[in-house]
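Undergrad: Keeping their order, the protein sequence lines are chains R and E. Per the numbering used here, the very first residue in the first sequence carries number 1; after that it's consecutive. Per the numbering used here, the very first residue in the second sequence carries number 1001; after that it's consecutive. Beta carbons: idealized from backbone N, C-alpha and C, even for Gly. Could you have a look at this structure, given as structure tokens, before my questions?
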Amino acid sequence: MDDLQFRRIIYGDPNCMDADVLQAKKDDPSKQQFAHEIDHLEQKINTALKVNVPDELANRLILQQVLASHQQQKRKSRIQLALAASVAFVVGLSVNQFKSAPAYAVPTYATIGEYALAHTHNEEHMFQNNMLANMSLASLNQKIQPFGGHFNQSIGNLISAGYCDFGNIKALHLEYQGLHKPVTVFVIPNDNPLTMQASFADAKLHGSAEKFKHADVLIVADKQEPLGKWQQTVKNNITWSI
Amino acid sequence: MASKQIRYEALVRALHSDLYRYAYWLCHDKHVAEDLVQETFLRAWRALDSLKDEKAAKSWLITILRRENARRFEKKRLEMSEYDEMSIADTSSTSTEQEMENQLLRNKISKLPEEYREPLVLQIIGGFSGDEIASLLDLNKNTVMTRLFRARNQLKDALENEPLSRGQHSG
């Protein structure tokens, strides 16, 4: 390798490890000397290029990203909160939407009884036995229609009717006047992932669940309330679409 | 989301110094350099999912930075003559011969034509090979190697020929 070629290579890449370059250095002490000088120069250039980096730049860069993603998160959270309201009055739902919508997430509770009891306890403070609702049967039927059901007759004195969530499952939540305390009736689509239980209870409440054509109907009441009577009334007065 | 955060932090810690230095030699202004780096990392955060291989992170970030710099092209850059005055002023204070030489070299590097300086900075700060630099700058490899040759050649001459100012120095 001639001098000119050697110098061009070394100037271009002082750290070149090509076999012929290494050989050339070995064979010719003047080439070795030249390479050494360029190494020396390279060290100086290296130092010169390494200007001081501002203190805390790394931390500032990380902070700016945390702030940016926090802003993004805040926007998302606000939207999620609005959607996840536990009592949501949804208007104009179609049958298809309720029947085919899958429960996307696995519920925290697995059995139908656990959900029904927990939900009732959670909201019992909201309902009084003598607080009657002023709702026509037609309006009530509009609410049960997405579940494929229809009230031929009212099954009791209505306190409240609305939609709520059984985990990720949309439910119709009805409250009726009971002997002493309100009786809760839930209507949920029957293709739900919850484990079916004909009856369930805890220290204060007891309940029943029954599968109908398109929906499960759950009844939860305090232990003095006779569930059998309510189950019978539900069977007699709710019809299910074909 | 947590792992994206961790990934981002790792990139910042590993690469922010090189990115900053590259930016500095691109624009010669500490504040502009910092702005460029912040913009670059913010864009990188948003597009982080598109980075498939951590080994490609540095060239990816440098590409983003070059684009950011191109956007700022209208921004007035520090005039070369102003820069000269700044650095000459430094050497008149008490500094060692090494420091003076370092300052001189910085001066010379900034005076290099940009097409010579950029490959040099990419090679040394970026650690890129001739082929990688050719790819980043959209040039052929021979052109890149020639420019590197010329850059170092000029700097070598500059150091050999320029007398250092005989100010006070210790030692």
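#1: Could I get the ranges of all uninterrupted alpha helix (DSSP H) runs contained in the region 118 to 148 of chain R, with 4 residues as the minimum, in chain order?
#2: Rounded to the nearest angstrom, what separates leucine 174 of chain R and leucine 158 of chain R at their Cα positions?
#3: What do you get for glutamine 232 of chain R, buried or exposed, if any count of 16 or more other CB atoms within 10 angstroms of its CB means buried?
#4: Rounding to the nearest angstrom, what Cα-Cα distance links asparagine 141 of chain R and alanine 215 of chain R in this structure?
#5: Would you identify the three-state DSSP class for histidine 214 of chain R, choosing helix, strand or coil?
#6: How do the region 219 to 233 of chain R and the region 167 to 186 of chain R stand: do at least 3 beta-carbon pairs fall below 8 Å, yes or no?
#7: Is the Cβ of glutamine 44 of chain R closer than 9 Å to any Cβ of chain E?
#8: For cysteine 1027 of chain E and alanine 1057 of chain E, what's the separation of their Cα atoms in angstroms?
#9: Roughly how many angstroms lie between the CA atoms of aspartate 268 of chain R and leucine 1120 of chain E, to the nearest whole one?
#10: Output the distance between the C-alpha atoms of isoleucine 1133 of chain E and aspartate 1029 of chain E, rounded to the nearest integer angstrom.
#11: So what's isoleucine 1124 of chain E in DSSP terms, helix, strand or just coil?
#12: Per the DSSP calculation, phenylalanine 166 of chain R is bridged to which residue(s)?
#13: Quickly, what does DSSP pair threonine 1146 of chain E with across the bridge? List them, please.
#14: With C-beta atoms as the reference, is alanine 171 of chain R less than 9 Å away from isoleucine 188 of chain R?
#15: Would you say glutamine 71 of chain R lies against chain E (beta-carbon separation less than 9 Å)?
#16: Can you check which of these residues, R:Gly149, R:Leu117, R:Thr47, R:Leu57, is closest to tryptophan 240 of chain R by C-alpha distance?
#17: Can you list the residues of chain R that methionine 1145 of chain E reaches, using a CB-CB cut of under 7 Å?
#18: Who are the Cβ neighbours of lysine 1141 of chain E in its own chain at under 7 Å, not counting the five residues just before and after it?
#19: Mind checking which residues open and close the alpha helix (DSSP H) that includes isoleucine 1133 of chain E?
#20: CB-CB under 7 Å to alanine 35 of chain R, same chain, minus the five flanking residues each way: which ones, in chain order?
#21: Within 10 Å of its beta-carbon, does serine 136 of chain R have 16 or more other beta-carbons around it, so buried, or fewer, so exposed?
#22: Does any residue of chain E have a CB that is nearer than 9 Å to the CB of leucine 244 of chain R?
#23: What three-state label does DSSP hand proline 14 of chain R in the structure shown?
#24: Please check the pair leucine 57 of chain R and histidine 1016 of chain E, which I expect to be a contact at CB under 8 Å, by giving their CB distance rounded to whole angstroms.
#25: With 9 Å set as the bound, which would you pick, yes or no: does the beta-carbon of tyrosine 1024 of chain E sit closer than that to a beta-carbon of chain R?
#26: Apply the 10 Å Cβ neighbour rule to proline 146 of chain R and answer buried if 16 or more other Cβ atoms are within range, or exposed otherwise.
#27: What's the gap between the Cα of histidine 121 of chain R and the Cα of leucine 67 of chain R?
#28: On a Cα-Cα basis, can you pick out the residue from E:Ala1047, E:Ala1070, E:Ile1125 that is closest to serine 69 of chain R?
#29: To the nearest angstrom, how far is the alpha carbon of threonine 184 of chain R from that of phenylalanine 212 of chain R?
#30: If the cut-off is 9 Å on Cβ atoms, which residues from the region 1148 to 1161 of chain E count as contacting chain R, listed in chain order?
#31: Along the chain, where does the alpha helix (DSSP H) that runs through alanine 30 of chain R open and close?
#32: With DSSP run on the structure shown, which of helix, strand or coil describes lysine 235 of chain R?
#33: Give a yes or no on contact between the region 44 to 53 of chain R and the region 15 to 34 of chain R, applying the rule of three or more CB pairs nearer than 8 Å.
#34: Among E:Tyr1008, E:Ala1023, E:Ile1109, which residue has its Cα nearest to the Cα of aspartate 1049 of chain E?
#35: Can you grab the Cα-Cα spacing for the pair glutamine 33 of chain R / aspartate 2 of chain R, in whole Å?
#36: Less than 9 Å separating the beta-carbons of asparagine 237 of chain R and asparagine 152 of chain R?
TA: A quick look at the data gives this:
#1: For the region 118 to 148 of chain R, whole alpha helix (DSSP H) runs of length 4 or above, ordered along the chain, are 137 to 144.
#2: Rounded to the nearest angstrom, the gap between the Cα atoms of leucine 174 of chain R and leucine 158 of chain R is 7 Å.
#3: Exposed, because fewer than 16 other Cβ atoms sit within 10 Å of the Cβ of glutamine 232 of chain R.
#4: Their Cα atoms are separated by approximately 14 Å.
#5: Here histidine 214 of chain R carries a coil assignment [DSSP, helix/strand/coil].
#6: Contact between the region 219 to 233 of chain R and the region 167 to 186 of chain R is present, because at least three Cβ pairs lie under 8 Å.
#7: Sequence inspection shows lysine at residue 44 of chain R; the glutamine mentioned does not correspond to that position. For lysine 44 of chain R, the answer is yes, since a Cβ of chain E falls inside 9 Å of its Cβ.
#8: Using only the alpha carbons, I get a separation of about 22 Å.
#9: Given a span of 1 to 242 for chain R in the structure shown, any question on residue 268 of chain R remains unanswerable.
#10: Each residue's alpha carbon lies about 23 Å from the other.
#11: Helix at isoleucine 1124 of chain E.
#12: DSSP links phenylalanine 166 of chain R through a beta bridge to R:Ile169.
#13: Its beta-bridge partners do not exist; DSSP assigns none.
#14: In contact: alanine 171 of chain R and isoleucine 188 of chain R (Cβ atoms closer than 9 Å).
#15: So no, glutamine 71 of chain R is outside the interface.
#16: The shortest CA-to-CA distance from tryptophan 240 of chain R to any of R:Gly149, R:Leu117, R:Thr47, R:Leu57 is the one to R:Gly149.
#17: The contact set of methionine 1145 of chain E on chain R, defined by CB atoms closer than 7 Å, consists of Gly12 in chain order.
#18: The residues are Gly1130, Asp1131, Ala1134.
#19: Isoleucine 1133 of chain E: member of the alpha helix (DSSP H) spanning 1130 to 1137, first to last residue.
#20: Sequence-distant partners of alanine 35 of chain R (beyond 5 residues in either direction) whose C-beta falls short of 7 Å from its own C-beta, in its chain, are Ile10, Lys25.
#21: By the neighbour-count rule (16 or more Cβ atoms within 10 Å), serine 136 of chain R is not buried but exposed.
#22: Within the shown structure, residues of chain R are numbered from 1 to 242, placing residue 244 of chain R beyond reach of any answer.
#23: The three-state secondary structure of proline 14 of chain R, taken from DSSP, is coil.
#24: By a beta-carbon distance limit of 8 Å, leucine 57 of chain R contacts histidine 1016 of chain E. Their separation comes to about 6 Å.
#25: Interface with chain R (9 Å Cβ-Cβ cutoff): tyrosine 1024 of chain E is included.
#26: Result: buried.
#27: A direct Cα-to-Cα measurement between histidine 121 of chain R and leucine 67 of chain R gives close to 40 Å.
#28: For serine 69 of chain R, the nearest C-alpha among the options comes from E:Ala1047.
#29: Their Cα atoms are separated by approximately 18 Å.
#30: Hits within the stretch, in order: Leu1148, Phe1149, Arg1150, Ala1151, Arg1152, Asn1153, Leu1155, Lys1156, Leu1159.
#31: What sits at residue 30 of chain R in the sequence shown is serine, not alanine. Where serine 30 of chain R is concerned, the enclosing alpha helix (DSSP H) stretches over 29 to 49.
#32: Collapsing the DSSP output to three states places lysine 235 of chain R in a helix.
#33: Counting C-beta pairs closer than 8 Å gives fewer than three between the region 44 to 53 of chain R and the region 15 to 34 of chain R, which falls short of the contact rule.
#34: Out of E:Tyr1008, E:Ala1023, E:Ile1109, the CA that lies nearest to the CA of aspartate 1049 of chain E is found in E:Tyr1008.
#35: Cα to Cα, the separation comes out at about 15 Å.
#36: Contact check for asparagine 237 of chain R against asparagine 152 of chain R passes: the beta carbons are separated by less than 9 Å.
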